[in-house]
Structure formats: structure tokens, C-alpha cells
Amino acid sequence: MQSLFRGKMPKKSTIDKQIEKEEEEYNFWLGMAASQERRRSLENFKRVKQHQEYVARHGRTWLNHSHKH
Numbered sequence: 085m086q087s088l089f090r091g092k093m094p095k096k097s098t099i100d101k102q103i104e105k106e107e108e109e110y111n112f113w114l115g116m117a118a119s120q121e122r123r124r125s126l127e128n129f130k131r132v133k134q135h136q137e138y139v140a141r142h143g144r145t146w147l148n149h150s151h152k153h
């Protein structure tokens, strides 16, 4: 089978360029979403830790009430 290029690299078609551009944008937004998700989970973790510390200091009063109805 004969080579289509005959030694020269084919010029990138506009479609190839468009696909590359979209892939770069997609990866960029994927990265942004991942870092935002990481920030969210870290903030959430911090909130949980603060709550646990509060509970440790003040005791779990909401469990001390008798639940007789």
C-alpha cells in the first residue's frame, strides 16, 4: 500500500484544529470543576471538624432530653 503523505506530514484540517481546541477547553473546564469540588469537600470537612469540636466541648445536650411522649 502506498503512503498517502509521501514523506510530508499532512496539514491539519480545520476539523482537527476544532477538535483539538474543544478538547483543550473541555480539559480546562474539567480541571476547574475538579478543583472547585476539592475546595468544596475541604470546606465541608472543616465544617464537620468544627462541629465535632463544638460537640466535644459542649456535650450533646439534644440527646439528654427524655423522649417520653
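The numbering of the sequence shown is this note's numbering, which starts it at 85 and goes up by one. Glycine residues also receive a C-beta, built at the ideal position from the N, C-alpha and C atoms.
- In the structure shown, residue 125 falls within a helical segment according to DSSP collapsed to helix, strand and coil.
- Put simply, the backbone Cα of residue 143 is about 22 Å away from that of residue 128.
- When the Cα atoms are used, residue 107 and residue 100 turn out to be separated by approximately 10 Å.
- DSSP, reduced to helix, strand and coil, places residue 97 outside both helices and strands of the structure shown, so it counts as coil.
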